[in-house]
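Student: Encoded as structure tokens, here's the structure I'll be asking about.
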Amino acid sequence: MSIHELDPVTLYGCQQGDTKALGVLYDCYRQPLYYLARRMVGAQEAEDVCHEIFIAVFRSLPKFRGKSKLSTWILSIGTHLCLMHLRQRRGPAAQTEPLESADDAPLDTLSPAYEVEARDFMRRLSAAIDTLPDTQRLAITLRGFQEMSYEQVAGMMQLSIEQVRATLFRARRNLIKRLKEGS
Amino acid sequence: MPQPAPTDHYTPEEWSAYADGEAPVEQREMMRLHAMDCPDCAGLMRSYKELQQGAEDLLRHAEPPRPELRERVLTTGKGAMAEEHTRLRWQSSIGRLFAAVIAIGLVIYAWNLALSPGEAPAVVINRVLISRYFVEPPSLDYDIGIANPSGRPVTITRAITRDPLGGELKDLHPPLQISGGKTAVHILGRKVPESAHLVPGTYEITLVTSHGTVSARTTVEKEK
Ligand SMILES: [Zn+2]
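Read top to bottom, the protein sequences are chains A and B.
In terms of our numbering, the first sequence is residues 3 to 185.
In terms of our numbering, the second sequence is residues 13 to 236.
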């Protein structure tokens, strides 16, 4: 899903604190930001974190100079806050995730059966994504914004492009493993 | 087209990147041709594409937040923006440019400590709020409220901040002019690592003004 961009007039209104314009911005980004928050911090805290993200966005808006797309900029703030939230919740020790070596990667593929029950597949995929380590879950979630390149994901996650590539691969390998376990 | 030998397979990671349209340009066509002749690799590619499609679909069909959140965001957001405008005015007056701000405020409690001997300072610090300011580089942010009940013009020339792990002395160029009433000022303290929590303990700020020195301190408790 690609996120909408605000037109320049609305953006200017937002920067001036115009309530109507801010409402348009909210309506434009509520779903992706809420989704990001829900994936990263869980349903219970998603609304509060989503609120926090919007406030941070509003506060920073007067300084937005359009060096990146507004949607990218907003998602960066969202990503940063979700990560901060997870760090606060879990403490610094939990930030490292076990690095599996590429050697133990089985050539796992999804069986074509998944295509049949699309709805069930989505439900199971969603549950499987929730079990991923934070970094993998975030990479998969950000890639859900289909126009998000590895470079943009890398910028948001403060990783190198190579790390994003490896993280996405590990995430997918884990997803396949979990989808098969659950079937 | 000859059948590829097993050693010619592309790695699963390469297929994952291919599914994202992120395989190196010079490799894409070769990979496409390879997948036409290699069911193993084709299976990998298809699986990764399905997962990517699934992630996009999940987002597309995601529930929006409850309608109540809109009002909450817009109400709080307006207040936050008003504060930010004040903040920006001050920042530009001290020549600071910030890339992004995400503040986590903890404690709002302060009391005035030292008065310069002989003369009561014209200004009073009535609030200190410590947060981290995610600017380049991330720093401690002392958000202080200053009251100037006398209404006499007061100039703040220097700010000295002290936190549990160190301190910073800053000469303000140009000096801050406080004419009267109440105002909010942001002073950046020491640079801190982005990932660090606020260290619990006492944070102190001293302002050297044209009409005496005024200090305030606040206690930061452990973050939840
Ligand atoms: Zn192959």
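All C-beta atoms in this analysis are idealised placements derived from N, C-alpha and C, irrespective of residue type, glycine included.
Just so you know, these numbers come straight off a predicted model, no measurement behind them.
#1: Output yes or no for whether 8 Å exceeds the beta carbon distance between G25 of chain A and L86 of chain B.
#2: According to DSSP, is R172 of chain A helix, strand or coil?
#3: Inspect the CB distances between the stretch 147-158 of chain A and the stretch 128-136 of chain A and report whether three or more fall short of 8 Å.
#4: So does the stretch 167-177 of chain A actually touch the stretch 24-33 of chain B, counting three or more Cβ pairs closer than 8 Å?
#5: Using the beta-carbon count (16 or more within 10 Å), is I120 of chain B buried or exposed?
#6: Would you say T81 of chain A lies against chain B (beta-carbon separation less than 8 Å)?
#7: Between R82 of chain B and chain A, is there a C-beta pair that is closer than 8 Å?
#8: Quick one: Cα of P24 of chain B to Cα of L177 of chain B, how far?
#9: Is Q165 of chain A close to chain B, meaning its C-beta is less than 8 Å from at least one C-beta of that chain?
#10: Hey, could you find the ends of the alpha helix (DSSP H) E153 of chain A is sitting in?
#11: Measuring CA to CA, which of B:P161, B:R58 and B:I217 is closest to L112 of chain A?
#12: Short of 6 Å in beta carbon distance, which residues of its chain neighbour H6 of chain A, apart from the five on each side in sequence? Order them along the chain.
#13: Whole angstroms are fine: how far does the CA of K203 of chain B sit from the CA of L161 of chain A?
#14: I want to check one thing, is the minimum distance from the CB of Y22 of chain B to the heavy atoms of ligand 1 below 7 Å?
#15: Less than 8 Å between the CB atoms is what I'm expecting for L184 of chain B and R170 of chain B, so what's the real figure, rounded?
#16: Determine, using beta carbons only, whether L141 of chain B and Y37 of chain A come nearer to each other than 8 Å.
#17: Residues of chain B with CB under 7 Å from C52 of chain A, in chain order?
#18: Name the residue from B:E41, B:E34 and B:P79 whose alpha carbon lies nearest to the alpha carbon of K61 of chain B.
#19: Any idea if I178 of chain A is buried or exposed, counting beta-carbon neighbours within 10 angstroms, 16 or more meaning buried?
#20: Can D52 of chain B be considered in contact with ligand 1, in the sense that its beta carbon sits closer than 7 Å to one or more heavy atoms?
#21: Report the rounded CA-to-CA distance for M43 of chain B versus T143 of chain A, giving the unit in angstroms.
#22: At 3 residues or longer, what runs of the beta strand (DSSP E) sit wholly inside the stretch 15-50 of chain B?
#23: State buried or exposed for M48 of chain B, treating a residue as buried only when at least 16 other CB atoms are found within 10 Å of its CB.
#24: Of all Cβ atoms in chain B, is any one closer than 8 Å to the Cβ of M124 of chain A?
#25: Could you spell out where the beta strand (DSSP E) holding R174 of chain B opens and where it closes?
#26: CA-CA distance, M124 of chain A and E75 of chain B?
#27: Hey, is G19 of chain A's beta-carbon within less than 8 Å of any beta-carbon in chain B?
#28: Report the rounded CA-to-CA distance for H198 of chain B versus Y154 of chain B, giving the unit in angstroms.
#29: Can you tell me whether S191 of chain B is buried or exposed, with buried defined as 16 or more other CB within 10 angstroms of its CB?
#30: So, are the CB atoms of L77 of chain A and C16 of chain A less than 8 Å apart?
#31: Tell me the residue span of the alpha helix (DSSP H) that contains I79 of chain A.
#32: To which residues of the same chain is T195 of chain A closer than 6 Å at the C-beta, ignoring the five residues directly before and after it?
#33: Check the C-beta distance from E83 of chain B over to R61 of chain A and give it rounded, since I have them as a contact under 8 Å.
#34: What's the C-alpha gap between Q165 of chain A and C52 of chain A?
#35: Checking contacts by CB at 8 Å: is I76 of chain A closer than that to chain B?
#36: Is there a C-beta anywhere in chain B that falls below 8 Å from the one on Y36 of chain A?
Tutor: Here's the rundown:
#1: One-based indexing of the first sequence puts residue 25 of chain A at position 23. One-based indexing of the second sequence puts residue 86 of chain B at position 74. In this structure, L86 of chain B lies closer than 8 Å to G25 of chain A by Cβ.
#2: Here residue 172 of chain A refers to the residue found at position 170 of the first sequence. In the structure shown, R172 of chain A sits in a helix (DSSP, three-state: H, G or I).
#3: Touching, no, given that fewer than three Cβ pairs across the two stretches are closer than 8 Å.
#4: Contact between the stretch 167-177 of chain A and the stretch 24-33 of chain B is present, with at least three C-beta pairs closer than 8 Å.
#5: Position 108 of the second sequence holds residue 120 of chain B. Legend: pLDDT at I120 of chain B = 34, less than 50; position of this residue unreliable, value from coordinates given subsequently. The residue in question, I120 of chain B, is exposed, as its Cβ has fewer than 16 Cβ neighbours within 10 Å.
#6: The count along the first sequence starts at 1 and reaches residue 81 of chain A at position 79. Under the Cβ distance rule, T81 of chain A does not count among the residues neighbouring chain B, no pair being separated by less than 8 Å.
#7: Within the second sequence, residue 82 of chain B is the residue found at index 70, counting from 1. Judged by the 8 Å Cβ criterion, R82 of chain B is in contact with chain A.
#8: Here the question's residue 24 of chain B lines up with position 12 in the second sequence. Here the question's residue 177 of chain B lines up with position 165 in the second sequence. If you take the alpha carbons of P24 of chain B and L177 of chain B, they lie about 47 Å apart.
#9: Your numbering for residue 165 of chain A matches position 163 in the first sequence. Not an interface residue.
#10: For the purposes of this step, residue 153 of chain A is taken as the residue at position 151 of the first sequence. Note, E153 of chain A: alpha helix (DSSP H), Y152 to M159.
#11: As a first step, residue 112 of chain A is located in the first sequence; it is residue number 110 there, counting from the start. The candidate whose alpha carbon is nearest that of L112 of chain A is B:R58.
#12: In the first sequence, counting from the first residue as 1, residue 6 of chain A sits at position 4. Exclusion of the five residues before and after H6 of chain A leaves C30 as the residues of its chain whose Cβ lies within less than 6 Å of its Cβ.
#13: In the first sequence, the residue the question calls residue 161 of chain A occupies position 159. In the second sequence, the residue the question calls residue 203 of chain B occupies position 191. If I take the Cα positions, the gap works out to 22 Å.
#14: To locate residue 22 of chain B, count along the second sequence from 1; it is residue 10. It does: the Cβ of Y22 of chain B is within 7 Å (strictly closer) of some heavy atom of ligand 1.
#15: In the second sequence, the residue the question calls residue 184 of chain B occupies position 172. In the second sequence, the residue the question calls residue 170 of chain B occupies position 158. About 7 Å separates the two Cβ atoms, so the contact holds.
#16: Along the second sequence, read from residue 1 onward, the residue named residue 141 of chain B stands at position 129. Along the first sequence, read from residue 1 onward, the residue named residue 37 of chain A stands at position 35. In this structure, Y37 of chain A does not lie closer than 8 Å to L141 of chain B by Cβ.
#17: For the purposes of this step, residue 52 of chain A is identified with residue 50 of the first sequence, where counting begins at 1. The contacting residues are P77 and L81.
#18: As a first step, residue 61 of chain B is located in the second sequence; it is residue number 49 there, counting from the start. Looking at the Cα atoms, B:E34 is the closest of the given residues.
#19: As a first step, residue 178 of chain A must be located in the first sequence, where it is residue number 176. Result: buried.
#20: As a position in the second sequence, residue 52 of chain B is number 40, starting the count at 1. Checking the Cβ of D52 of chain B against ligand 1 gives yes.
#21: Counting from 1 along the second sequence, the entry for residue 43 of chain B is found at position 31. Counting from 1 along the first sequence, the entry for residue 143 of chain A is found at position 141. Note on geometry: alpha-carbon atoms of M43 of chain B and T143 of chain A lie some 26 Å from one another.
#22: Secondary structure remark: continuous beta strand (DSSP E) runs of at least 3 residues inside the stretch 15-50 of chain B: none found.
#23: As a position in the second sequence, residue 48 of chain B is number 36, starting the count at 1. Answer is exposed; the Cβ neighbour count stays below 16.
#24: Along the first sequence, one-based indexing puts residue 124 of chain A at 122. Residue-level contact check: M124 of chain A touches chain B, since one or more beta carbons of chain B fall below 8 Å from its beta carbon.
#25: By 1-based counting over the second sequence, the position of residue 174 of chain B is 162. It spans V166 to D175 - the beta strand (DSSP E) in which R174 of chain B sits, taken as one unbroken run.
#26: Start at 1 with the first residue of the first sequence, and residue 124 of chain A comes out as number 122. Start at 1 with the first residue of the second sequence, and residue 75 of chain B comes out as number 63. M124 of chain A and E75 of chain B have their C-alpha atoms spaced approximately 14 Å apart.
#27: Numbered from its first residue, the first sequence carries residue 19 of chain A at position 17. Judged by the 8 Å Cβ criterion, G19 of chain A is in contact with chain B.
#28: Taking the first residue of the second sequence as position 1, residue 198 of chain B is located at position 186. Taking the first residue of the second sequence as position 1, residue 154 of chain B is located at position 142. Between the alpha carbons of H198 of chain B and Y154 of chain B lies a distance of about 6 Å.
#29: As a working mapping, residue 191 of chain B is identified with position 179 in the second sequence. By the neighbour-count criterion, in which 16 or more other beta carbons inside 10 Å mark a residue as buried, S191 of chain B falls on the exposed side.
#30: The sequence position of residue 77 of chain A within the first sequence is 75, counting from 1. The sequence position of residue 16 of chain A within the first sequence is 14, counting from 1. No; because the gap between Cβ atoms is not below 8 Å, this pair is not in contact.
#31: Translated into the one-based positions of the first sequence, residue 79 of chain A becomes position 77. It spans L72 to R92 - the alpha helix (DSSP H) in which I79 of chain A sits, taken as one unbroken run.
#32: Residue 195 of chain A lies beyond the residue range present for chain A, which begins at 3 and ends at 185; the question has no answer from this structure.
#33: Position 71 of the second sequence, counted from the first residue, corresponds to residue 83 of chain B. Position 59 of the first sequence, counted from the first residue, corresponds to residue 61 of chain A. Incorrect: roughly 18 Å between the Cβ atoms, too far for contact.
#34: Here residue 165 of chain A is taken as the residue at index 163 of the first sequence, counted from 1. Here residue 52 of chain A is taken as the residue at index 50 of the first sequence, counted from 1. Spanning the two alpha carbons is a distance of roughly 27 Å.
#35: For the purposes of this step, residue 76 of chain A is taken as the residue at position 74 of the first sequence. Not an interface residue.
#36: On the first sequence, residue 36 of chain A is found 34 positions in, with the first residue counted as 1. Yes - at least one Cβ of chain B is within 8 Å of the one on Y36 of chain A.
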